[in-house]
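Chain order of the listed sequences is A and B. Residue numbering for the first sequence follows the numbering used here, beginning at 2 and increasing consecutively. Residue numbering for the second sequence follows the numbering used here, beginning at 2 and increasing consecutively.
There are 2 protein chains.
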Amino acid sequence: MKPDLKQIQVPIENEMAQFELKFRDSMKSKVKLLDHITNYIVKRKGKQMRPMFVFLTAGVCGGINDATHRGAALIELLHTATLVHDDVVDDANYRRGFFSVNALWKNKIAVLVGDYLLSRGLLLSVENGDFDLLKIVSNAVKEMSEGELLQIAKARKLDITEEVYYDIIRQKTASLLASCCAVGASSTQSDEKTIAKMREFGEKVGMAFQIKDDLFDFGDDEIGKPVGIDIKEKKMTLPLIFALQKADWLEKKKIIHLIRNRSEDKKAVNQVISFVKKSGGLDYAKTIMDRYFIEALDILKTFPESAYKTSLEGLVSYTIERKK
Amino acid sequence: MKPDLKQIQVPIENEMAQFELKFRDSMKSKVKLLDHITNYIVKRKGKQMRPMFVFLTAGVCGGINDATHRGAALIELLHTATLVHDDVVDDANYRRGFFSVNALWKNKIAVLVGDYLLSRGLLLSVENGDFDLLKIVSNAVKEMSEGELLQIAKARKLDITEEVYYDIIRQKTASLLASCCAVGASSTQSDEKTIAKMREFGEKVGMAFQIKDDLFDFGDDEIGKPVGIDIKEKKMTLPLIFALQKADWLEKKKIIHLIRNRSEDKKAVNQVISFVKKSGGLDYAKTIMDRYFIEALDILKTFPESAYKTSLEGLVSYTIERKK
């Protein structure tokens, strides 16, 4: 199936439309400034892949119900909260082609808006007794903040190992997609084994997703994102880690010198990118990504056929074939 | 009873000692950077009035148990998370005589550490099935972030009313103390009416607490905190709101001019402070504070006598008689 988000959404079209309303509604506040900001956030919404994972996994596991809807809203509120906080963390001025909340309203407001969104997600779950969903999601909040902190502590060390890289991306990225799929399964009252299987499926998709994201930084695409940002920030990702592992002593010394002392210089960054390409770093990362992709699809194969399952397979393909 | 924190703590001495260990333990992480930061946070701990409110209200309502302990840890984790985020919000470099987390490790890390602490609180509750406590506390997170945002939107408008001021401090400050007392009561399996009574008690204490805090800014104390910070930041608090309400047209115009255009000038700030004192703004705020204080104690009177109750009365007195 050629991945096309419109096509993928067909079996959950009504659910996604309902979700839009529920999500908007769940952020409403009597504080006008807050309403103003959350309206802005809704306007610049992304592809909403996370709610799609929640609905499709629930569909595969037996059927979408009200708890699935609340789970999707909880996940998207949490995800939005972390994006707003991330932009403070990264000092980012843009998000999805719009100004970031911190750029328009300053850091202080962005931190508070993030906390507010998180609390609305919690309340939605607590008030409806969705404690299983809450457990899954609280764990994701912990993993994500730990993962980001691990990245800050480790990813700029130039001798970072592949293992540590996988730990970081598992916590900071894959844990949320794992939670989406666990929430979807859990909302249908599936047994623990099925929930665990769906969590593992989501984790593998998340790993592939982040490796794809890290590949973009090496211009591994005609149109992709701006190139060399990670190198400029001395953030070590899989293609570079692999290339350095393989390099001989002299080459390694030269590349580390470039990253350490000249990462602000576009020419030096391009030299690093060429080195990674020449060393097979991109191919290696793609191989690992494909392995996660295949393992994810293998897990999915154990579930019965349905339109949901076909769409979910399409969504997985989309995450690794997307152009941005 | 003369308020003395050591004396107040006598009936809950063992509980507070256990709490220390539980709190420290609940923050542990395998990420070293995070452990390093949370150790630092533990070292600069405050008076821990919030856990004291949790334990004492539970004592008054029938007895401290394991759920009370988890409630106290949940509240203190949440409170610590908001303090770490507040320092980002306020661009503060100090907290309790130590450098703030954002000053030592930058905003980005402070935001993540706050999120991490919050998630640990959530997990502690979710894993133990403390859903009633979680509901109370999720609501507090929502109220606090809304209250801070309302303050940002409103408190710098020079024509702010007393009503809006009360709304702000009810949400940003009183909601957490209300939650402490509701959590204490709820942990003992008290009925809804008792929990509601304790919540109201805590809210009134919180209102008095914040009015006291706002009075400090007018140097209403021999040793207190630095004076005139709120005026410098154009933050309108009760003494000033009252004084402006009472002032004639010409005087009002003069004071508003000083706040709007010269609040960076120490002399102008002192003129505003003198005006507030002369207009009886401090006395008025103290009268309102005392009213909340008395109403809080009146609620407490409906509970049976005990060492916990005596200490709780002492703790309430402490909040309005404290010198900093």
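C-beta: ideal position from N, C-alpha, C; glycine also.
Let me see if you follow: with CB-CB separation under 8 angstroms, is A/Ala186 close to chain B or not? no
Quick check on B/Asp231 - is its C-beta less than 8 angstroms from some C-beta in chain A? no
Close Cβ partners of A/Ile242 (< 7 angstroms) along its chain, the five nearest in sequence each way excluded: Ile161, Glu163 and Tyr166
Measuring CA to CA, which of A/Ala183, A/Leu123 and A/Asn271 is closest to A/Cys62? A/Ala183
Mapping the DSSP letters down to three states, classify A/Pro305 as helix, strand or coil. coil
What is the DSSP secondary structure of B/Val165, reduced to helix, strand or coil? helix
Helix, strand or coil: how does DSSP classify A/Val112 here? helix
Rounded to the nearest angstrom, what separates B/Thr195 and B/Ile137 at their Cα positions? 14 angstroms
In this structure, does DSSP put B/Lys46 in helix, strand or coil? coil
CB contact below 8 angstroms: A/Val273 versus chain B: no
Output yes if chain A places a C-beta closer than 8 angstroms to the C-beta of B/Asp26; else output no. no
Mind checking the stretch 61 to 81 of chain B against chain A and listing, in chain order, the residues whose C-beta falls within less than 7 angstroms of any C-beta there? none
Alpha carbons only, please: which of A/Phe202, A/Pro227, A/Val142 and A/Lys268 is nearest the one belonging to A/Ala297? A/Phe202
Could you give the residue range of the alpha helix (DSSP H) that holds B/Gln190? No alpha helix (DSSP H) contains B/Gln190, which DSSP labels as neither H nor E.
Taking the C-alpha atoms as reference points, what is the distance between B/Phe217 and B/Ala209? 13 angstroms
CB of A/Leu177 within 8 angstroms of CB of A/His80, strictly: yes
Locate the alpha helix (DSSP H) running through A/Lys23, then write down its first and last residues. Glu14 to Ser27
What residues from the stretch 284 to 307 of chain A come within 7 angstroms of chain B, judged by C-beta to C-beta, listed N to C? none
Whole angstroms is fine: what's the gap from A/Ser312's alpha carbon to A/Met199's? 15 angstroms
How do the stretch 14 to 33 of chain B and the stretch 33 to 51 of chain A stand: do at least 3 beta-carbon pairs fall below 8 angstroms, yes or no? no
Beta strand (DSSP E) runs contained entirely in the stretch 128 to 176 of chain B, provided each spans 3 or more residues: none
CA nearest to the CA of B/Lys310, picked from B/Arg121, B/Val89, B/Lys29 and B/Ala186: B/Ala186
Whose C-beta lies closer than 7 angstroms to the C-beta of B/Asp168 among residues of the same chain, with five residues either side of it excluded? Leu151
State buried or exposed for A/Asn361, treating a residue as buried only when at least 16 other CB atoms are found within 10 Å of its CB. There is simply no residue 361 of chain A to check, as chain A begins at 2 and stops at 325 in what is shown.
Best match in B/Ser191, B/Met237, B/Ala308 and B/Ala197 for proximity to B/Asp215 [C-alpha to C-alpha]: B/Met237
Quick one: measure Cβ to Cβ for B/Asp91 and A/His86, integer angstroms, because I've assumed they're closer than 8 angstroms. Contact doesn't hold; Cβ gap of about 17 angstroms is too wide.
Taking 8 angstroms as the CB-CB cut-off, is B/Gly225 touching chain A? A caution first: B/Gly225 carries a pLDDT of 49, below 50, which makes its placement in the model unreliable, though a value can still be read off. By this cut-off, B/Gly225 is not an interface position.
Starting from A/Lys247, trace the alpha helix (DSSP H) in both directions and tell me its first and last residue. Leu239 to Lys247
Work out the CA separation of B/Asn103 and A/Leu120 for me, nearest whole Å. According to the sequence shown, residue 120 of chain A is Ser rather than Leu. Rounded to whole angstroms, A/Ser120 to B/Asn103 spans 23 angstroms at the Cα level.
Starting from B/Asp231, trace the alpha helix (DSSP H) both ways and give me its first and last residue. Ile230 to Lys233
Output, in chain order, the set of chain B residues within a Cβ distance shorter than 7 angstroms of A/Asp116. His86, Val142 and Ser146
Leaving out five residues on either side along the sequence, give the residues of the same chain with a beta carbon under 6 angstroms from the beta carbon of B/Thr174. Gly207 and Gln211
Assuming contact is defined by CB atoms lying nearer than 8 angstroms, are B/Ile153 and A/Ile110 in contact in what I supplied? yes
In the DSSP assignment, the alpha helix (DSSP H) including A/Asn271 goes from what residue to what residue? Lys267 to Lys279
Any chain B beta carbon closer than 8 angstroms to A/Ile242: no
Expressed to the nearest angstrom, what Euclidean distance is found between the alpha-carbon atoms of B/Lys1 and B/His37? The shown model of chain B, from 2 to 325, leaves out residue 1 of chain B, and the question about it has no answer.
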